[in-house]
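First comes the structure, then the notes that go with it.
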Amino acid sequence: MKKSLPTVVIVGRPNVGKSTFFNRLVGKRVAVVEDTPGITRDRLYAEVTWNGKRFNVVDTGGIVFQESDPLAEQIRVQANVALSEADAIVFLADITSGVHPDDRELANQLRGIKTPILVVPNKADNFDREDFAGEFYGLGLGQVYPVSSLHGRGVADLLDEIVAMLPAVTENPDEKEEIRLAIVGRPNVGKSSLVNAFTGEQRMIVSNIAGTTRDAIDTELDYEGETFRLIDTAGIRRRGKIQGSVEYYMVNRAQKAIDRCECAMAVVDGEEGLTDGDKRVMKLAHDAGKSCVVVVNKWDVKEPPNGQPKKNSQLKKDFIKIFRDQMPELSYAPIVFTSAKEHAGLEPALDSVLSALESYNFRISTGQLNRLIQDAIFDRPHVTKGRQFKVYYATQVSTAPPTFVLFCNDPDIMHFSYHRYLLNRIRQLFPLQGTPIRLFARSSHDRDEK
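Under the numbering used here, the residues of the sequence shown are numbered -11 to 438, in order.
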C-alpha cells in the first residue's frame, strides 16, 4: 500500500457484514462474501476515494474470544497489527442481534486506543431497524452510525464522517510504479508463508489447514529500490473439487489476481513434486500472457539446509528435468528453490522476478528484428504444398509480453513447427527469460491497406 495514504480499519466479530461493508466502500466485490462465519481470515487492503480524498481501507478477520476456532488467536494478532496502522477505526456490529458479548469484549479492548472510533451497527436495512441503534451507545465508544452495507443506506454519511477525521494525504512525486506480483498455486503449497518470509512480518495467517487464505490479499514489499505489490491468492483447485460458492469465488479471485499482475510467481510444493494442479495453475498465467517465475517451496524437506544450500544438486537437476519435460510451454520460466520456513532462496526468487520483468518489457529495434527473421528464413526455408513462406516485413507491436507481427505472402503457409522455430531463433539472440513471447503472421496486404 502507499505509505502516504491514511488507513481505516474495519473490526468486528464474525458475520456482522465486514466484507460486504468493505466491498461497498471499495465499490466492487473484492472480499469473498457468504453467510458463513469466518470467511475473511487475513487482512485485506484496498484503496478508496471519497469526495476527492484517498485512503486505504482494511478488512480484518472476524474476532472471536472463544478458542474453538484453531485460527482465532492468529486472527486476533492480525487485527491488532491492522489496528496499529489505523488512522480511524470502524467498529462494525449487527443491529439485528443487538449488542453481543463479543462486541462488549472488543469494545473493552478498544477503549484505551486514542485512534478515532466509529461504531457502525450494520444491517439497518429499514427505518424500523435503525430504532435499535441506540443500544450501541452503551458500548461507550462514542457516536453511532447505523448503515445497511447491502443496500447502501447511511454509507455516504458515514464516509463523510470518515474523511473529515483523516489526516491530509502526503503525495510523493518520486514514488515509483508498483510491480504487481501474484503469488499463485494449489492450496497449502506455502504461498502465505512465502509472503510472510518476504515481508518479514506475519502478514498472512499460516497453518497446515489447506485453503486458509480465501481472498486475494495485497501486501507491499520494498526490494532493491523497487516496490512490489504482492497478491497472495486462495489456492487454485480443479473445478471438480470446488465445493460450494466460497471455493468458486476463490478460484475466480485467483484468476482475477493473475489478470491484475505483471508477473506470476507459481509456487510448487517441493515435497510433493510437480502435480497436474500445478500445471493448471501455471497454464493460467501462461495463457494470460504474464511473465512467470516458478518457485519450488518447502525444499528444506528434500534437502535440509546445512550451511550454504547446494546450488546445483542432483535433486534440483532431476526436478528441473522433470519440469522441462512435462511443461515445455514454460521453457522460458526460471525455477528457484526456496524454503519459506528457513528463509532460504528468497532473494534469488525476487531477483528472478525483476529479471523476468525486464524481459517482459523488452523491445527490439525493427532493423534488428528484420535481420533476425531474414537470417532464420535463409538458414531454414519453409515450403508448404510447393509454396515458399516469405516475410516482407517484421515489427514488434507491443511489450508485456513482447509481441511480434510478420507481414508475409500467406499466413496459412506457416506450420506450427516453423512458428516454434522462429520463436526459438528470437530467444537464441535475446534470452528473454521469464516471459512468453507472441508471434503472429499477417498477410502483407493487411499492412498495405493501413
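All C-beta atoms, glycine included, are put in the ideal place defined by N, C-alpha and C.
*asked:* Comparing C-alpha positions only, which one of N114, F395, E73 and L147 sits nearest to S107?
replied: Here residue 107 corresponds to residue number 119 of the sequence shown, with the count starting at 1. Reading the sequence as shown, one finds Val at residue 107 and not Ser. It is L147.
*Where does P155 sit, in a helix, a strand or coil, going by DSSP?*
As a first step, residue 155 must be located in the sequence shown, where it is residue number 167. Here P155 sits in coil by DSSP.
*What do you get for G178, buried or exposed, if any count of 16 or more other CB atoms within 10 angstroms of its CB means buried?*
On the sequence shown, position 190 is the one that residue 178 refers to. Flag for G178 reads buried.
_Taking 8 Å as the limit between beta carbons, can you name the residues of its chain near A95, skipping five residues before and five after?_
For the purposes of this step, residue 95 is taken as residue 107 along the sequence shown, with counting starting at 1. Counting only Cβ-Cβ distances below 8 Å, and skipping sequence neighbours, we find F79, L127, G128 and L129.
*asked:* Which same chain residues end up closer than 8 Å to R351 when comparing Cβ atoms and leaving out the 5 residues on each side of it in sequence?
replied: The residue you call residue 351 lines up with position 363 of the sequence shown. Correct list, in chain order: Q384, T387 and P390.
_Taking the beta strand (DSSP E) that A279 belongs to, which residues open and close that run?_
Reading the sequence shown from its first residue, position 291 is the one you call residue 279. Correcting the residue identity first, residue 279 is Ser in this sequence and not Ala. Per DSSP, the unbroken beta strand (DSSP E) holding S279 starts and ends at S279 to N285.
_Range of the contiguous beta strand (DSSP E) that encloses N11_ = Numbered from its first residue, the sequence shown carries residue 11 at position 23. N11 -> not in any beta strand (DSSP E); alpha helix (DSSP H) instead, spanning K6 to V14.
*Simplified DSSP assignment, three categories, for Y380*: Locating residue 380 in the sequence shown gives position 392, where the first residue counts as 1. Correct three-state label for Y380: strand.
*I414 versus G422: straight-line alpha-carbon distance, rounded*: In the sequence shown, the residue the question calls residue 414 occupies position 426. In the sequence shown, the residue the question calls residue 422 occupies position 434. Computed Cα separation, rounded: 14 Å.
*Going by CA-CA distance only, name the one from D113, V371, C249 and F395 that's closest to Y406.*
One-based indexing of the sequence shown puts residue 406 at position 418. When each option's Cα is compared against that of Y406, the closest is V371.
*asked:* Please identify the residue among D113, V143, R168 and R1 whose C-alpha is closest to the C-alpha of R87.
replied: Position 99 of the sequence shown holds residue 87. Reading off the sequence shown, one finds Val at residue 87, where the question assumed Arg. Looking at the Cα atoms, R1 is the closest of the given residues.
*Would you kindly report the start and end of the unbroken alpha helix (DSSP H) that includes F404?*
As a first step, residue 404 is located in the sequence shown; it is residue number 416 there, counting from the start. That run of the alpha helix (DSSP H) goes F404 to L417.
*Tell me whether the beta-carbon of C280 lies closer than 7 Å to the beta-carbon of A170.*
Locating residue 280 in the sequence shown gives position 292, where the first residue counts as 1. Locating residue 170 in the sequence shown gives position 182, where the first residue counts as 1. It is not a contact, given that the beta carbons lie outside the stated cut-off.
_Per DSSP, what are the beta-bridge partners of L35 in this structure?_
Here residue 35 corresponds to residue number 47 of the sequence shown, with the count starting at 1. For the record, residue 35 in the displayed sequence is Glu; it is not Leu. Answer by DSSP bridge pairing, in chain order: N44.
*Should A144 go down as buried or exposed, given a rule of 16 or more other Cβ atoms within 10 Å for buried?*
Numbered from its first residue, the sequence shown carries residue 144 at position 156. Residue burial is scored here from C-beta neighbours: A144 has fewer than 16 other C-beta atoms within 10 angstroms and is therefore classed as exposed.
*Stretch pair the stretch 300 to 309 + the stretch 263 to 270: three plus CB contacts closer than 8 Å*: no
*asked:* Is it the case that the stretch 282 to 289 contacts the stretch 325 to 338, given that we only count it when at least three CB pairs across the two stretches are under 8 Å?
replied: yes
*What are the complete beta strand (DSSP E) segments, minimum 3 residues, inside the stretch 311 to 353?*
You should have 323 to 325.
*CA-CA distance, S343 and L334?*
Residue 343 sits at position 355 when you count from the first residue of the sequence shown. Residue 334 sits at position 346 when you count from the first residue of the sequence shown. Taking the straight line joining both Cα atoms gives about 14 Å.
*Would you list the one or two residues that DSSP bridges to Y211?*
Counted from its first residue, the sequence shown places residue 211 at position 223. Per DSSP, E214.
*What are the boundary residues of the alpha helix (DSSP H) that F186 is part of?*
Translated into the one-based positions of the sequence shown, residue 186 becomes position 198. It spans K179 to T187 - the alpha helix (DSSP H) in which F186 sits, taken as one unbroken run.
_Could you compute how far the alpha carbon of D257 sits from the alpha carbon of D206?_
One-based indexing of the sequence shown puts residue 257 at position 269. One-based indexing of the sequence shown puts residue 206 at position 218. So the two alpha carbons sit approximately 22 Å from each other.
*Answer yes if the stretch 116 to 124 comes into contact with the stretch 40 to 47, meaning at least three C-beta pairs across the two stretches below 8 Å, and no otherwise.*
no
*What three-state label does DSSP hand N110 in the structure shown?*
Position 122 of the sequence shown holds residue 110. Looking at N110 - three-state DSSP - the assignment turns out to be strand.
*If L394 and L420 are in contact, beta carbons under 8 Å, what's the gap, nearest whole angstrom?*
As a working mapping, residue 394 is identified with position 406 in the sequence shown. As a working mapping, residue 420 is identified with position 432 in the sequence shown. Their Cβ separation, rounded to whole angstroms, is 17 Å, which puts L394 and L420 out of contact at 8 Å.
*Let me know if Y348 comes out buried or exposed under the rule of 16 or more other beta-carbons within 10 Å of its beta-carbon.*
The residue labelled residue 348 in the question sits at position 360 within the sequence shown. With 16 or more other Cβ atoms within 10 Å, it is buried.
_Cross-strand partners of G173 (DSSP beta bridge)_ = Here the question's residue 173 lines up with position 185 in the sequence shown. Per DSSP, V255.
*So what does DSSP say about I27, is it helix, strand or coil?*
If you number the sequence shown from 1, residue 27 lands on position 39. Unreliable positioning characterises I27 in this predicted model, as indicated by a pLDDT of 36, which lies under 50. The coordinate reading is nonetheless provided below. Three-state result, I27: coil.
_Rounded to whole angstroms, what is the Cα-Cα separation between R430 and E259?_
By 1-based counting over the sequence shown, the position of residue 430 is 442. By 1-based counting over the sequence shown, the position of residue 259 is 271. When rounded, the distance between both Cα atoms is 46 Å.
_Cα-Cα separation, L154 to D47_ = In the sequence shown, the residue the question calls residue 154 occupies position 166. In the sequence shown, the residue the question calls residue 47 occupies position 59. Roughly 17 Å separates the two Cα atoms.
*Roughly how far, in whole angstroms, is the beta-carbon of V(-4) from the beta-carbon of D75, given that I think they are within contact range, below 8 Å?*
Your numbering for residue -4 matches position 8 in the sequence shown. Your numbering for residue 75 matches position 87 in the sequence shown. Contact holds; Cβ gap of about 7 Å.
*Quick one: is D91 buried, meaning 16 or more other Cβ sit within 10 Å of its Cβ, or exposed?*
Working through the sequence shown from its first residue, we reach residue 91 at position 103. Looking at its Cβ environment, which holds 16 or more other Cβ atoms inside 10 Å, D91 is buried.
*Spatial neighbours of F392 within its chain, please: CB distance less than 6 Å, with the 5 preceding and 5 following residues excluded, ordered by chain position.*
The residue you call residue 392 lines up with position 404 of the sequence shown. Cβ neighbours of F392 beyond the five flanking positions: Q384 and L427.
_Heavy atom of the ligand SAH within 6 Å of T354 beta-carbon_ = Absence of the ligand SAH is noted for the structure shown, with no ligands found whatsoever.
*List the DSSP bridge partners of F392.*
Here residue 392 refers to the residue found at position 404 when the sequence shown is read from its first residue. Beta-bridge pairing links F392 to Q384 and L427.
*asked:* Taking the alpha carbon of S85 as the reference point, which residue from L98, N110 and E73 has its own alpha carbon closest?
replied: Here residue 85 refers to the residue found at position 97 of the sequence shown. Taking only the C-alpha atoms, the option nearest S85 is N110.
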